[in-house]
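What follows is a short report on a single structure.
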Amino acid sequence: MNYNVDERGYYGDFGGAFIPEMLYPNVENLRQNYLKIMAEPSFKEEFDQLLKDYVGRPSPLYLAKRLSKKYNTKVYLKREDLNHTGAHKVNNTIGQILMAKRLGKKRIIAETGAGQHGVATATVCALMGIECIVYMGEIDIARQAPNVARMKMLGAEVRPALSGSRTLKDATNEAIRDWINNPVDTHYIIGSAIGPHPYPDMVTRFQSVISEEIKWQLKEKEGKENPDYVIACIGGGSNAAGTYYHFLHEEEVGIIAVEAAGKGVHSGESAATSALGKEGVIHGCKTLLMQTKDGQITEPYSISAGLDYPGVGPMHSHLYKTKRAEFYSATDDEAMQAGLELTKLEGIIPAIESSHALAIFKHKAFKPEDVVVICLSGRGDKDLDNYIKYFNL
1 MNYNVDERGY YGDFGGAFIP EMLYPNVENL RQNYLKIMAE PSFKEEFDQL
51 LKDYVGRPSP LYLAKRLSKK YNTKVYLKRE DLNHTGAHKV NNTIGQILMA
101 KRLGKKRIIA ETGAGQHGVA TATVCALMGI ECIVYMGEID IARQAPNVAR
151 MKMLGAEVRP ALSGSRTLKD ATNEAIRDWI NNPVDTHYII GSAIGPHPYP
201 DMVTRFQSVI SEEIKWQLKE KEGKENPDYV IACIGGGSNA AGTYYHFLHE
251 EEVGIIAVEA AGKGVHSGES AATSALGKEG VIHGCKTLLM QTKDGQITEP
301 YSISAGLDYP GVGPMHSHLY KTKRAEFYSA TDDEAMQAGL ELTKLEGIIP
351 AIESSHALAI FKHKAFKPED VVVICLSGRG DKDLDNYIKY FNL
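Numbering (our numbering), first residue to last: 1 to 393.
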């Protein structure tokens with residue numbers, strides 16, 4: 001079984017490029033060039049240098065001793081929260097801004113939910129002196145105010161999405177509209193492992209530095225490259241794709257994805273795509289998608305602004321369908337409690353997205369000898385208002 005993208009842009013039954021005719025030249029230009037550009041020694045050298053000196057990689061692989069003791073297993077945290085800008089998102093935006101420059105693009109657009117991808121995009125545009133427009137749902141603008149302020153400080157224009165649920169899905173719609181209207185000079189930096197081919201593969205490759213580092217860091221700490229389990233939260237799924245990448249074909253490594261169940265998987269206020277989704281097309285690719293019987297997209301809900309997306313990336317749909325990965329769903333309450341628990345046990349305040357991955361211990365027991373690696377995809381600074389309101393701090 002192959003878990004990587006094939007030459008047609010599919011992961012098994014999922015993927016492809018379902019795009020308006022106006023976008024075909026852009027997407028095709030990217031498809032024909034992305035692997036060639038990424039293989040250029042000068043590209044690799046610049047990418048690696050920026051990850052090291054600007055982002056601060058490698059991010060630590062931290063043995064969480066008190067958390068391990070509580071759940072009677074060995075828990076390592078991959079500290080993506082310690083990256084510059086506070087999440088894994090910057091790995092991808094660094095790669096894509098270098099790609100855009102080599103393709104001669106003069107203007108960058110992006111979508112964002114939790115704001116971390118928007119901040120990471122605005123950051124690399126400031127670094128390279130390129131115009132930046134970020135689309136963000138009106139509701140997310142309100143609940144992620146610190147990140148909105150950061151984007152503006154970095155020189156980006158933040159444009160609100162006022163349609164639909166006014167969250168991530170709608171921000172993505174607006175970004176695609178912009179791209180259709182500005183196809184020649186604009187590059188769209190998609191923030192997740194979703195979208196028309198080659199985006200899911202390109203984003204995954206840029207994020208695969210996460211699993212690449214886990215392998216050699218674990219070798220140093222445990223004397224073996226492969227953990228027993230790798231765990232990540234999933235919305236669109238870029239942190240998960242990067243965490244899983246080098247373990248996809250290592251059958252002894254268990255892959256676990258944790259989605260947002262919101263107020264309960266079947267409550268009508270959820271974003272648990274694996275449980276609720278059917279095959280459909282969203283934002284340029286065929287994937288699992290929450291939809292009504294007549295194919296209308298269902299509005300997702302999660303307390304986490306980065307996980308309330310009605311679909312999941314095509315790679316993850318393939319991992320679900322082939323049963324290569326186990327999928328779990330964590331409610332708002334489970335995630336918030338797991339975030340507080342990590343804070344009190346380890347002195348690390350996680351992003352609410354990452355807290356969903358930490359809620360796995362409420363759903364699955366591990367053996368004492370298991371080595372469990374959890375991707376701590378982001379830090380909780382941006383979510384303090386939500387934590388304050390939830391816990392009445």
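Quick reminder that beta carbons are idealized off the backbone N, C-alpha and C, glycines included.
Under a 10 Å Cβ-count criterion, residue 216 is classified as exposed, with fewer than 16 other Cβ atoms of the shown protein chains found around its own Cβ. By the C-beta density criterion, residue 329 is buried, having at least 16 other C-beta atoms within 10 angstroms.
Per DSSP, residue 366 lies in no alpha helix (DSSP H) segment and is marked neither H nor E. Taken through DSSP and simplified to helix, strand or coil, residue 60 comes out as coil. When DSSP states are grouped into helix, strand and coil, residue 150 belongs to the helix group. Within the same chain, Cβ atoms closer than 7 Å to the Cβ of residue 162 are found at 138, the five residues on either side in sequence being excluded. Residue 305 sits away from residue 86, with the two beta carbons spaced by 8 Å or more.
Our two residues, residue 145 and residue 348, have alpha carbons roughly 21 Å apart in a direct line. Remark: C-beta atoms of residue 83 and residue 119 do not approach each other more closely than 8 Å.
Residue 266 sits exposed, since fewer than 16 C-beta atoms from the chains shown fall within 10 Å of its C-beta. The alpha-carbon of residue 150 is positioned some 42 Å away from that of residue 367. Per DSSP, the continuous beta strand (DSSP E) segment holding residue 278 begins and ends at 278 to 282. A distance below 7 Å between beta-carbons, with the five flanking residues on each side excluded, links residue 50 to the following residues of its chain, in chain order: 94.
The alpha-carbon separation between residue 379 and residue 286 amounts to approximately 31 Å. Of the candidates 260, 230, 277, 230 places its Cα closest to the Cα of residue 254.
In this model, residue 292 and residue 56 are separated by some 44 Å (Cα to Cα). Comparing alpha-carbon positions, the option among 224, 288, 333, 193 lying closest to residue 260 turns out to be 333.
The C-beta separation of residue 313 from residue 192 comes to about 6 Å, placing the pair in contact by the 8 Å criterion. Between residue 377 and residue 359, the gap from beta carbon to beta carbon reaches 8 Å or more. No Cβ-Cβ contact shorter than 8 Å links residue 374 with residue 326. Proximity of the region 209 to 227 to the region 237 to 247 meets the contact definition, three or more beta-carbon pairs being nearer than 8 Å. Taken through DSSP and simplified to helix, strand or coil, residue 162 comes out as coil.
Beta-bridge analysis with DSSP links residue 391 to no other residue.
Shortest Cα-Cα distance from residue 345 to any of 387, 7, 77, 64 involves 64. Membership of residue 38 in the alpha helix (DSSP H) is indicated by the continuous run 24 to 39. Under DSSP, residue 136 takes part in a beta bridge, and its partners are 112, 160. The region 98 to 116 and the region 184 to 198 touch, with no fewer than 3 CB-CB distances between them shorter than 8 Å. At the C-beta level, residue 198 and residue 9 come within 8 Å of one another. Under the three-state reduction of DSSP output, residue 291 falls in the strand class.
The region 153 to 162 makes no contact with the region 293 to 303: fewer than 3 CB pairs, one atom from each, lie closer than 8 Å. The continuous beta strand (DSSP E) containing residue 329 extends over residues 325 to 331. Note that the C-beta distance between residue 331 and residue 221 is not below 8 Å.
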